[in-house]
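K.L.:
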Amino acid sequence: MPSQKILILGNAVDPLKAEIHAYDWVFEIAQKHEVTLLIDDSHAFGVLGNGLFGTYSQWKQERIQLLVSGSLGKGLATPGGIVLGSEALIRGIKSEAIFAGASPPSPALLQSFLDAQELLQEQQRKLQQLTSLFYQQSRHLPQITGNPNFPVFVYSPDLWADKLQEQGYITSSFSYPTASSPKVNRIVFSASHSKDEVNALSELLAHLAGSL
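So for the sequence shown, my numbering puts the first residue at 1; every next one is plus one.
#1: What residues in its chain sit with their C-beta under 8 Å from that of Phe27, if we drop five residues either side in the sequence?
#2: Going along the chain, which residues of its own chain have a beta-carbon closer than 6 Å to the beta-carbon of Ile144, five neighbours each way excluded?
#3: Enumerate, from N- to C-terminal direction, the unbroken beta strand (DSSP E) stretches of 3 or more residues contained entirely within the stretch 110 to 163.
#4: On the criterion of 16 or more Cβ atoms from any shown chain inside 10 Å, does Pro151 qualify as buried, or is it exposed?
#5: Taking the alpha-carbon positions, what's the Thr171 to Ala12 distance?
#6: With DSSP run on the structure shown, which of helix, strand or coil describes Asn50?
#7: Give me whichever residues DSSP pairs with Gly85 in a beta bridge.
#8: Starting from Gly168 and walking both ways along the alpha helix (DSSP H), at which residues does that stretch end?
#9: Would you kindly work out how many angstroms separate the C-alpha atoms of Gln128 and Ile82, rounded to a whole number?
#10: How is Phe27 classed by DSSP in three states: helix, strand or coil?
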């Protein structure tokens, strides 16, 4: 097969299944073909990667034309979007009318985000520690699945949502993608949580698992 131009689109993570996607296989394709890899890092910014800017540095490779984009409004709580790529790619995007006509972030919020880099990185490190702690404490429970590097954990059965709420724990529990779909139940951590809270939640979950 002759060399071709290939565009690959994907997400850094699946936030509903709490799975982190790997793109190492793209490197092999790029040995023969001209590959452009576009990754949505909306759920990765501020959580995954070295620093706050997601997986860009992880997948950047000479033979791949990499473009990472997404929202800063999730892990970094900053209303606005971001696009990361080579200088040539960014110049091309800026020349498009759809970019020139887009609404930028509020200058005040953007300045606050830039000024808070050290604080945000410290919060990211704390979140990573809490996530790893909970993973180690819950990995033996078959009702809970997750990744030690991503602060979202999926749990079952559905009735746990009410039992957790009775004890003061509000989790994400809703039918998706339609109202008649099965529920997606998730425990979502933030850097505002503490180790004591993680420990208490782990104990409660172990108790619920033991009572089934």
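Note that the Cβ used here is the ideal one computed from N, Cα and C, for glycine as well.
None of these values were measured; they are calculated from a predicted model.
P.N.:
Looking at the coordinates:
#1: Gln61, Arg63 and Ile64
#2: Ser138, Phe153 and Tyr155
#3: 144 to 147 and 150 to 155
#4: buried
#5: 23 Å
#6: coil
#7: Leu67
#8: Unbroken run through Gly168: none, as it is neither H nor E.
#9: 23 Å
#10: helix
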